[in-house]
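All remarks here apply to the structure that follows.
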Amino acid sequence: MTSIRPGEDSTATTNKLLEINNISVDYYAASGTVHALNDVSISLERGKILGLAGESGSGKSTLAYAITRLLHPPAVITGGEVLYYPRSSGGREQQRTPRRAITRVPTRPDTTPAPTDAESAGDGNQRGRERSGYQAQNSPGDITEPVDILQLTAAQLRTFRWSELAIVFQSAMNALNPVLNIGAQITDVLRTHRPSMGADSRRQRALELLRLVGIAPDRIRSYPHELSGGMRQRAIIAIALALAPELIIMDEPTTALDVVVQREILELVRALCREFGMALIFITHDLSLLLEIADEIAIMYAGRIVETATNQELLRQPRHPYSYGLLNSFPSLHGPRRKMTGIPGSPPDLRAVPAGCAFHPRCPMAFEACSRSIPMLRASTAETPEQLVACHLYDPRFNSGEIPTSEDFAAKYEANFEAMIGKRRE
Amino acid sequence: MNIENMGANSPFIALNDDAVSIPLPPAVLEAIHLRKYFPLRQFKLSGPRKVVHAAEDTSLALYPGRALALVGESGSGKTTMARMLARLYEPTSGTILFRGEPVKGNGRNALKDYHHHVQLVFQDPFSSLNPVHDVRYHLKRPLRLHGHARTATEETEEILALLNRVSLSPAEQFIRKFPHQLSGGQRQRVAIARALAAKPEVLLADEPVSMLDVSIRLDVLNLLLRLKDEEQLALLFITHDIASARYFAEDTLVMYAGQTVEGGPSEEVIQRPRHPYTQLLISAAPDPDRLGPDGKGSVTLPARGEIPSLINPPGGCRFHPRCPHAMPVCSERFPKRTELGGGHWAHCFLYGDGEANPASYKPIAVTPSRSSEGRGKGESGNHASPEVEIQGNAALPSDVSAEG
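Top to bottom, those sequences are chains Z and E. Numbered per our numbering, the first sequence spans residues 1 to 426. Numbered per our numbering, the second sequence spans residues 427 to 830.
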């Protein structure tokens, strides 16, 4: 997504963490093939937060599972590559030093410094990392060759997962094992991935992690049913953090939570990302939330990315009519109270996606080219080359006229809505 | 405060002179000092019985053509209120007035009569429809039970009309469908149509859109808005999303742990929240307008923690353990309702204890959003020193010392 600007030096490349190229996923269902992901390309830099937004069935979760290779039949990855740029061991060591120094995260309930046993945990990390099979041996400080996650063998995948990439699942409230206490579930990760760690240092690391996510360490023996929803979510995040991964994927981590708790979790996640230099892919349908937390946002519709932009660009001027509609589906707390129209219709059946742009039957701006050819991601305007949009409105071949603004979108959506109401009344 | 007094002093009519008092039709449905305790199953024979204090002393009124939003976190007693109003739960104490008359009778016929006028839409359309019955059956039952259709032809006509009213077209196709063939939004529309089939005057909607997809939510909200306006339905709209309360409802009532803490016209409550809990809710809500120049909106919540156990709730104001402005008196008793002018009221000692005069009332300067500087600095957030600047509210200190 963050396309390398011409004239920029190689630092842009070295910062890249994940690059997804043309990935496609199909579900082979009895009633027909569901094209859940079509040719999705996106990239992510180290330490950045990427937000994925869209309606249900737009392929957000499928993308997350494809990256982590968690898809099971009938889902099949039919093409593409997921390149992961590992940090070399030298770079990793430099990275680790500030990590241990962290003592304060805003949401932590106490201010006691983290125990020095973190050292042993760190050493354990290091050893585990050296053993991992996918890592090419390069001189320290260099970025090693990218690995294609989709080509990793089962054994390589096993070492790759969790130490480099962790995932927080949807309905994480139910993702904890009810018959094990949370301490056991955190140390379980360490026992599997860091066999060299002793029981005591595992426990110390678990305590440290709990403190980090704002759970009192004496809750380590609590069972999931003894914790509230927010605390369970924190425990899950602690498990994801156990091996200090480079990338965490969170699939609707806050949907089941109350607003206040949701806000606490968001602030926690953001603080952790900042402190650890961790990258995050944050999946949600709540665009208003993403605008606050994410650096970059990708809007998905019917298995394709229709727009990618920074949060500010998207807030200032959504380019795709769907992004505009999604952005204006949330009542606001301030400003004039006005009638909101939402997006008419419902998401398409992925077994029979409309020809051309999949959004055109619901799009108030649709013209005849939209049902003919599928728009590709392109720079929206000359002023905003980083804001990519898949819409014929920005293609001079199809639209030689004015580039629409938010007011145009609003007017068209409004007119559409009125027409629909009128039709209903008749 | 006795019942007659409450009835006349209905919560959302501005009584003071400076505010424009809106001539409201009489309330259709009123709840007066409703209280609900759920007894806990206990094995011990002696000793005090434990109860869950789900709703305490809650009063509200619904007017035709107006919506009241009930806002709060889960566990705040919103659903309990709706179920008491729908008479699915018997209140432990308190009165429900329908068109000014206390409702009475618990028998089958009394309840049927009541449900003729008051209907409830449940939160989860995936479990509120019976999977073995089609749409026709779901809509036929209330039509027959309430005597709106007597013959099969009448029934079909009515059902088709209902489906059109909730924008399920072509209705001829939907009538034969089973719940599993419908999307979430369509199911919720069927659930709304089922409630409308009884031709009610009051519709109680318990989080009607929280389980739906984003783009569908507005559709369903707009449908309810249209029904409210066109058919003069009185609506109770339960939500945890304060922004949709602002969009949808004329009046808002905020509940916390079974207590009502603040209420009034939605715009007033949301733009000028008084109770620390309302301020917390608003500062926690996603708000893209908060984005700073760096593209990051940082929010420091004024309070942390979660809703307390309702089996042994904290004494006094139940928010005091989380409240950044808590005073000793807060743990001793629940503050009385203080009118703040314009129909806006709050239960909070910060603004007096019931007898405050709206004319002498001076606003307390609080910044509900964009609270990056100064507020909630303490790690735990609890019992932090009050950072609200209290400007010349002379009534406040004397009140506190007198009560404390």
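Where is the CB? At the ideal position from N, CA and C, for every residue including glycine. Bear in mind that the values here come from a model prediction, so they are computed numbers and not experimental data.
Mind checking who residue i pairs with in its DSSP beta bridge?
| i | result |
| --- | --- |
| E/H479 | E/Y463 |
| Z/H35 | Z/D26 |
| Z/G47 | DSSP, once it has assigned bridges, lists no residue as partnering Z/G47. |
| Z/K16 | Z/E45 |
| Z/Y84 | Z/L18, Z/V147 |
| Z/M301 | What sits at residue 301 of chain Z in the sequence shown is Tyr, not Met. Partner(s): Z/R304. |
| E/I458 | E/T521 |
| E/H666 | Looking at the DSSP assignment, E/H666 forms no beta bridge with any residue, so it has no partner. |
| Z/I283 | Z/L52, Z/D251 |
| Z/I167 | Z/I249 |
| E/G767 | E/H770 |
| Z/I77 | Z/V25 |
| E/L488 | E/L455 |
| E/L494 | E/L662, E/D677 |
| E/D632 | E/I664 |
| Z/A478 | Absent from the structure is residue 478 of chain Z, since the part of chain Z shown begins at 1 and ends at 426. |
| Z/R378 | Z/V389 |
| E/P528 | E/L523 |
| Z/E296 | Z/L50, Z/T310 |
| Z/V40 | Z/I23 |
For residue i, return the contacting residues in chain Z, with the cut-off set at a CB-CB distance below 8 Å.
| i | result |
| --- | --- |
| E/L706 | V260 |
| E/L727 | V260, R263, E264, E267 |
| E/H666 | D258, V259 |
What does residue i reach in chain Z if we use C-beta pairs closer than 7 Å?
| i | result |
| --- | --- |
| E/P714 | S288, L291, E292, L315 |
| E/G711 | Checking the displayed sequence, the identity of residue 711 of chain E turns out to be Ala instead of Gly. Those are V259, L333, listed as they occur along chain Z. |
| E/G768 | What E/G768 touches in chain Z: nothing, since even the nearest Cβ is about 17 Å away. |
| E/G611 | S346 |
| E/I696 | L333 |
Along chain E, which residues have their Cβ under 7 Å away from the Cβ of residue i?
| i | result |
| --- | --- |
| Z/I343 | S641 |
| Z/S56 | D639 |
| Z/F330 | A669 |
Quick one: list the residues of chain E neighbouring residue i, beta-carbon separation under 9 Å, in chain order.
| i | result |
| --- | --- |
| Z/M442 | No answer is possible for residue 442 of chain Z: it lies beyond the span of chain Z, which begins at 1 and ends at 426. |
| Z/T325 | The sequence as given places Gly at residue 325 of chain Z; Thr does not occur at that position. In chain order: S641. |
Residues of chain E with CB closer than 8 Å to the CB of residue i, please, in chain order.
| i | result |
| --- | --- |
| Z/H285 | D639, V640 |
| Z/R397 | Those do not exist, as Z/R397 stays about 29 Å from chain E at its closest Cβ, beyond 8 Å. |
| Z/R337 | R672, Y673, E693 |
Pull up the CB-CB distance for residue i and residue j, whole angstroms please, since I reckon it's below 8 Å.
| i | j | result |
| --- | --- | --- |
| Z/A279 | Z/L83 | So it is not a contact: roughly 14 Å between Cβ atoms. |
| Z/V306 | Z/V389 | 7 Å |
| E/A624 | E/H541 | 6 Å |
| Z/E296 | Z/K48 | 7 Å |
| E/G684 | E/V646 | E/G684 to E/V646, Cβ: 28 Å. No contact. |
| E/R475 | E/Q468 | 7 Å |
| Z/S58 | Z/P347 | 7 Å |
Would you say the beta carbon of residue i comes nearer than 7 Å to a heavy atom of the ligand COA?
| i | result |
| --- | --- |
| E/H572 | In the structure on display, the ligand COA does not appear, and there are no ligands present to speak of. |
Run through chain Z and tell me which residues come within less than 9 Å of residue i, C-beta to C-beta.
| i | result |
| --- | --- |
| E/E732 | S228, G229, G230, M231, D258, V260, V261 |
For the stretch 676-702 of chain E, which segments carrying the alpha helix (DSSP H) assignment without a break, of at least 4 residues, lie completely within its bounds, in sequence order?
Taking only runs of at least 4 residues, the alpha helix (DSSP H) segments lying wholly in the stretch 676-702 of chain E are 692-697.
Members of the stretch 591-609 of chain E near chain Z, C-beta cut-off 7 Å
Those residues of the stretch 591-609 of chain E that come within reach of chain Z (Cβ to Cβ, closer than 7 Å) are S593, S609.
Would you mind listing the beta strand (DSSP E) stretches within the stretch 542-630 of chain E that are 3+ residues and don't spill past its ends, in chain order?
Runs of beta strand (DSSP E) with 3 or more residues, each lying fully within the stretch 542-630 of chain E, are found at 544-547, listed in chain order.
Please identify, using Cβ separations under 7 Å, the residues of the stretch 492-508 of chain E that lie next to chain Z, in order along the chain.
Along the stretch 492-508 of chain E, the positions whose C-beta sits under 7 Å from a C-beta of chain Z are E499, S500, read in chain order.
Closer than 7 Å, Cβ to any Cβ of chain E: which residues of the stretch 219-231 of chain Z, in chain order?
Within the stretch 219-231 of chain Z, the residues whose Cβ lies closer than 7 Å to some Cβ of chain E are S228, G230, listed in chain order.
In chain order, which alpha helix (DSSP H) runs of at least 4 residues are fully inside the stretch 153-235 of chain Z?
If one requires a minimum length of 4 residues, the alpha helix (DSSP H) runs lying completely within the stretch 153-235 of chain Z are 154-160, 182-193, 199-212, in chain order.
Looking at chain Z, which residues of the stretch 535-555 of chain E have a Cβ within less than 7 Å of any of its Cβ atoms?
Residues passing the 7 Å Cβ filter: none.
Using a Cβ-Cβ cut-off of less than 9 Å, give me the residues of the stretch 358-379 of chain Z that come near chain E, in sequence order.
Listed in sequence order: R362.
Taking beta-carbon pairs under 8 Å, can you tell me which members of the stretch 198-212 of chain Z lie near chain E?
Within the stretch 198-212 of chain Z, not one residue has a Cβ closer than 8 Å to any Cβ of chain E.
Suppose only complete runs of 3+ residues qualify. What are the beta strand (DSSP E) ranges in the stretch 298-371 of chain Z, listed by chain order?
List check, beta strand (DSSP E) in window: 304-310.
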